[in-house]
Amino acid sequence: MPAVTETIETVQQATESGYKWGFETDIEMEFAPKGLNEDIVRFISAKKNEPAWLLEWRLRAFAAWKTMEEPRWAAVKYPPIDYQDSYYYAAPKQKVGPKSLDEVDPELLKTYAKLGIPLREQEILAGVEGAGSVPAEGRMPIAVDAVFDSVSVATSYKERLGKEGIIFCAISEAVQTHPELVRKYLGTVVPQGDNFFAALNSAVFTDGSFVYIPKGVRCPMELSTYFRINAKSTGQFERTLIIADEGSHVSYLEGCTAPMRDENQLHAAVVELVALDDATIKYSTVQNWYPGDAEGKGGIYNFVTKRGACRGARSKISWTQVETGSAITWKYPSCILQGEDSVGEFYSVAITNNYQQADTGTKMFHIGPRTRSTIVSKGISAGHGQNTYRGLVRIGAKAHGARNFTQCDSLLIGDLCGAHTVPYIENRCVSAKVEHEATTSRIAEDQLFYCRQRGLTQEEAVGLIVNGFCREVLKELPMEFAVEAQKLLQISLEGSVG
Amino acid sequence: MTAAQTGATGFLARYEGLKDHLPGARKPWLNQLRADAAVHFAARGFPTRRVEQWKYTDLAPVAQAAFAEPLTSVDGQVHLPAPLAPHRAVFVDGRFRPDLSSLDGLPFRALGLAHDLAEAEPHLGALAKPESEPLAALNTMLFEDGLFLDVPDGVDGGLLELVSVAVDPGRPFAFHPRHLVRLGARARLTLIETATGGGHCLHNPVFEIEVAEGASLTHGRMLQEAATVFHLSTIYARVAAEGTYDNFTVAAGPRLTRNEIHAALVGPKAACHMNGAQMAADGQHVDTTTALDHAAPDCASRQTYKTVLAGRSRGVFQGRIHVHRVAQRTDGYQMNQALLLSEEAEIDSKPQLEIYADDVKCSHGATVGALDADSLFYLRSRGIPEAQAKAMLVEAFLHEAVETVTDETLKGALTRALDAWWARQEAAA
Amino acid sequence: MLKIEGLTAEVDGKAILKGIDLEVPKGEVHAIMGPNGSGKSTLSYVLSGREGYEVTGGSATFNGHDILAMEPEERAAAGLFLAFQYPVELPGVGNATFLRTALNAQRKARGEAELDAMQFLKLARERMKALSMSDDMLKRGVNVGFSGGEKKRNEILQMALLKPSIAILDETDSGLDIDALRIVADGVNAMRGPDFSALVITHYQRLLDYIVPDRVHVLMAGRIVKSGGPELAKELEAQGYGAVQAAA
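Residue numbers (our numbering), protein chains in the order written: chain A, 41 to 538; chain B, 12 to 440; chain C, 63 to 310.
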């Protein structure tokens, strides 16, 4: 059998069996009624015991959303979404502040165990007070905020982080404990009416993480949020806000999974990052929402608005994403480079297999002088997958000496998929320099043969070559996640490929 | 159509008024073609910037102007550029002027379209898409004349010039020539087009170009009208197996230039080369938009476009390469580079790849920058005056594109056009 | 032992190998010489299982196994190694990762324990030293940005690590200067022993001054037209292929 045909077939064999996170947790849940209206917005706000200003803020967003149309410019196709046929609030019923493992719903515990989150973290995730402030032997501690459907169920290492003045908690908690910070920054990077999905999120967001790193503090551990959609017919609308004060540094990672279902579920998150003078935020995503089955049935619709503002001089925001899941991905993590000498980065690997569609990329707005940005995008299409890089580099008139370098590479596996590159480059500054390169290719026969002659199987060879193709991006991930991401790439391409 | 499109309304009114008097008004097929185009144009009007393909080029000055039809005398004397070749077809304000043309002895038929519409029937409208391009709709609705070239199988047509002159009548006017070019199997032709003249006018030509099996068309264009002219041209080219379409366009003059090319490679081993240099000075806008369809296997395409912007000017490059599922072993390459000479210039670039076949080699690149300060200093340190040093660097920048031209006559003409533009900038500075 | 009988093969419907008969007994090094287009590279690709090289007749066995029925990686695991005339570049794939993955894949296929990173590095460094290769070649992408000589040395390094029982060297001498040639030859000679055999494919006699073969075969137009001892190579060098063809 010709090598390439074989590759294609191996890739086509990818079925839901490859998705190991597709189980459902049977746990008692509390739901708001289905549908979306002002009452639901009020319900969510009341449930979270929010101050009046936030409720008004939500209602303004909802009013804006009602006047907006769902964007259709992305190269993705899907049937109309019935926004009234979904739950906007779903939370596991749990006792307030369980004191020991015995008090935590065992189903919740099992869920985290199955998702591969280590035991000590698991205790913390389930909300056991006092546990887990000591890191496990030989392992870099990672603080985790776990969001289960609409609510954050626990956040670990809060105490340890608190000693440094770092705030890491659920955003609903931050609204109560640090309202001044939330009010100062919420919606300043992604305004309520920014786009259809951001407006929807602003109206109904239920939870998400809040991070504040004080001046001059280097966050001593990776911060991470683990998003899990579990309940049926439920959308997840989380909102994350990260503020890095002057001279601070933080690395944040998010991961996400969902059960396998025939229905499509909506995930419309908003992430806002603010970096002040000399601050650095590194935001990494390993997106592994359920992608749907081999026939394209089910899977998460992932419509996400992520944006960071480099407000301060010499600040830096770096986005790294490995997008392997979701039926549809619509996502453009962006940087507003306001501060002089600020730096924006976007490193992306996006895989579409079977009937997955991804329209993803970034926007780099160069406003301040000598701002620099780097974009490296690796798209891999297999099966009937459609993979689009869409990006904008805009250099304003005052961005003297601004620099951008963009590299977009696409790899096609099989002749039923598509790879598209849609970059927009807008420059109105004479001293700016912009370079953009894009290539499209497939795995060469001679590369496959070379690997096989050395004893690698077809699958191993494809896995090795695909990982090589993505190397520039994977090396940007924190070490532990890089290994996870590599495995995930192979699983996504497969049943098989590695 | 949105409001504030007095220009569009005016053109529609003109169509209603003239439709029984336009050339071919007694031919039902042509009436139908024009009527359909009018429906499309009425529905859309001039595209606004909300239309993706017009995101960076604002046609409001055209949409809002009131253009009359040209009232040029059919035998008046006009200033023509020096001839490049023995054969040339001359159009004044969009109308064929046999008296100024020299077509005798050409080894193929070259006629004014208005004089032989019956011959043109199978070809007119075969490629243009008035339903998707409003400017093609406008042209179809109102064209009066154009050049019809038909080079038979195996014939080497040599070199032919197409000269278009706009004569300033002192009030805004518009013309919409429709040019049809057909090359039979293994035929060859070099067509060098010069657009000159002035006045407040809209020159809105549409080309329909068919290149049959193994044929080769070299199409050089020098758009050098005055800085009062709106030049909006749309080219549709279809290339059969092993055929080649080469387009090289210099845009250096009009107030607004849109050089829009739709090329389709429909037979195996067809090739398309689209290159160009677009230059804009203060108050000018240049836009090159290409759409290349790789619709057959083993085809190759090359594009190199250079933009030079001085003063308060704006440049746009949009290039889309679409590789269809059947187009295996496609080899596509596109490069667009912009050189900014002024603080007030703006360049927008949107290269685009849409790939549906897996065994392809496709790439594009884009760069934007100013003249390299080190290079400039190096030249000046060797005693070369600043202006000359800049000229050398601009020439070097354009070199890569100009070098793609193999026809010496064409290369000479293009080089002169670029030099003339540069000389004008220096004189103005 | 490698035993080839009446082997015919075609590429794109064109017959290239027109009946090859050849035996390389265990422990022997044989050279195949021939002019351009005689089928030398085709023979190496057919034996290693490259796609697009269609076997139309005959057989090839290695230690009694029908290698033509095997996948390329199975042939590799069975101990067949091809040193490529044009080693392939694998951008982004680190040389160390590649070598270790290949070595462990073969060890696994043979039921041997896999090497961990430390064990592998120790082994690789040892072998590299012998080939005068610098450590940084382990960090670079496979053959990416390697000079011609570095690529060939990388092939020999792979051979030294994978320890095949038969190596096919496809014009490994092309593009090498005399020092590199010596290093490559030393690498091959170091492998020689009762359990290693090799098929050295070359256009020129030069390499055979350094890797002295037990037998020399002349391949012309898809057939072996003459076989002899090492002296045959010198004869060819002196008289050219034309003379052999005329005699054959």
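Just so you know, even glycine gets a beta-carbon here, dropped at the ideal spot from N, CA and C.
Neighbour list for residue i in chain F, Cβ cutoff strictly below 9 Å
i	result
Tyr316 (chain B)	Among the protein chains of the structure shown, namely A, B and C, there is no chain F.
Within-8 Å CB hit, residue i to chain A
i	result
Leu387 (chain B)	no
Gln342 (chain C)	Outside the displayed span of chain C (63 to 310) sits residue 342 (chain C), for which this structure offers no information.
Leu79 (chain C)	no
Thr234 (chain C)	no
Asn251 (chain C)	no
His305 (chain B)	no
Val246 (chain C)	no
Phe258 (chain C)	no
Residue i, DSSP secondary structure in three states
i	result
Glu68 (chain A)	coil
Phe208 (chain C)	coil
Met441 (chain B)	Within the shown structure, residues of chain B are numbered from 12 to 440, placing residue 441 (chain B) beyond reach of any answer.
Ala166 (chain A)	Low confidence applies to Ala166 (chain A): its pLDDT is 48, below 50, so where it sits in the model is not reliable, and the reading given next is rough at best. In the structure shown, Ala166 (chain A) sits in coil (DSSP, three-state: anything other than H, G, I, E or B).
Ala305 (chain C)	helix
Glu233 (chain C)	coil
Ser140 (chain A)	Confidence is the limiting factor: at Ser140 (chain A) the pLDDT is only 47, short of 50, which leaves the residue's position unreliable and the question unanswerable from this model.
Asn235 (chain A)	coil
Val230 (chain A)	coil
Gly99 (chain C)	coil
Pro131 (chain A)	Going by the sequence as given, residue 131 (chain A) is Ala instead of Pro. In the structure shown, Ala131 (chain A) sits in a strand (DSSP, three-state: E or B).
Lys66 (chain B)	coil
Ile129 (chain C)	helix
Leu293 (chain A)	strand
Asp248 (chain C)	helix
Val215 (chain A)	helix
Cys310 (chain B)	coil
Spatial neighbours of residue i in its chain, beta-carbon cut-off 6 Å, leaving aside the 5 residues before and after
i	result
Gly21 (chain B)	Ala77
Thr201 (chain B)	Leu170, Thr229, Asp418
Cys448 (chain A)	Ser417, Tyr429, Thr461, Ala478
Thr446 (chain A)	Ile415, His476
Ser212 (chain A)	Lys88, Asp247
Pro141 (chain B)	Ala48, His51, Ala147, Ala148, Thr151
Ser227 (chain B)	Arg199, Thr255
Residues sharing a beta bridge with residue i, DSSP
i	result
Leu95 (chain A)	In the DSSP output, where bridge partners are listed per residue, Leu95 (chain A) has none listed.
Gln397 (chain A)	A:Ile368, A:Gln426
Pro463 (chain A)	A:Gly431
Thr360 (chain A)	A:Ser324, A:Tyr387
Thr318 (chain B)	B:Gln289, B:Ala349
Val116 (chain A)	Answer is none; Val116 (chain A) lacks a bridge partner.
Own chain residues within Cβ distance below 7 Å of residue i, not counting five before or after
i	result
Thr70 (chain C)	Ala77, Leu79, Lys80, Gly81, Thr118, Gly119, Gly120
Arg223 (chain A)	Trp93
Residues near residue i by beta carbon distance below 8 Å, same chain, minus five either side
i	result
Gly533 (chain A)	Note that residue 533 (chain A) corresponds to Leu in the displayed sequence, not to Gly. If we look at Leu533 (chain A) and ignore the five residues flanking it on each side, its Cβ neighbours are Val51, Ala54, Ile391, Asn393, Ile420, Ala422, Ile453, Val502, Gly503, Val506.
Asp232 (chain C)	Lys102, Ser103, Ser106, Leu144, Ala145, Phe146, Gln147, Ile263
CB contact below 8 Å: residue i versus chain B
i	result
Thr369 (chain A)	no
Arg160 (chain A)	Unreliable placement is indicated for Arg160 (chain A), whose pLDDT of 49 sits below 50; the coordinate value is still reported in the next sentence. No, Arg160 (chain A) does not count as interfacial toward chain B.
Val168 (chain A)	Below a pLDDT of 50, predicted positions are generally treated as unreliable, and Val168 (chain A), at 44, falls in that range; the measurement from the model is reported next regardless. Answer no: the Cβ-Cβ gap between Val168 (chain A) and chain B never drops below 8 Å.
Residue-chain proximity (residue i, chain C), Cβ-Cβ < 8 Å
i	result
Ile505 (chain A)	yes
Gly263 (chain A)	The question names Gly, yet the displayed sequence has Leu at residue 263 (chain A). Chain C contact via Cβ: absent.
Contact test: residue i Cβ vs the ligand MN heavy atom, cutoff 7 Å
i	result
Gly202 (chain A)	The ligand MN is not among the ligands present in this structure, which contains no ligands whatsoever.
Say whether the region 66 to 73 of chain B touches the region 118 to 134 of chain B, bearing in mind that this needs 3 or more beta-carbon pairs closer than 8 Å, one atom from each stretch.
The region 66 to 73 of chain B, when compared against the region 118 to 134 of chain B, does not touch it at the 8 Å Cβ threshold.
Three Cβ pairs or more, each shorter than 8 Å: is that satisfied between the region 51 to 59 of chain B and the region 143 to 158 of chain B?
As far as the Cβ criterion goes, the region 51 to 59 of chain B touches the region 143 to 158 of chain B, which means the pair count is three or higher.
For the structure I just gave you, are there three or more beta carbon pairs, one from the region 462 to 473 of chain A and one from the region 492 to 501 of chain A, closer than 8 Å?
They do not touch, by the three-pair rule.
On the three-pair Cβ rule with 8 Å, is the region 259 to 277 of chain A touching the region 212 to 228 of chain A?
The region 259 to 277 of chain A makes no contact with the region 212 to 228 of chain A; the number of CB pairs closer than 8 Å stays below 3.
Would you call the region 236 to 254 of chain A and the region 279 to 290 of chain A in contact, with 3 or more CB pairs under 8 Å?
With a cut-off of 8 Å, the region 279 to 290 of chain A and the region 236 to 254 of chain A count as touching, because enough Cβ pairs lie within range.
The region 419 to 439 of chain B contacting the region 395 to 406 of chain B, beta-carbon criterion three pairs below 8 Å:
Counting C-beta pairs closer than 8 Å gives three or more between the region 419 to 439 of chain B and the region 395 to 406 of chain B, which meets the contact rule.
Hey, is the region 273 to 290 of chain B in contact with the region 304 to 316 of chain B, meaning 3+ C-beta pairs nearer than 8 Å?
Yes, they touch.
If you pair each beta-carbon of the region 190 to 209 of chain A with each one of the region 117 to 136 of chain A, do three or more pairs fall below 8 Å?
Judged by pairs of C-beta atoms under 8 Å, the region 190 to 209 of chain A touches the region 117 to 136 of chain A, as three or more such pairs exist.
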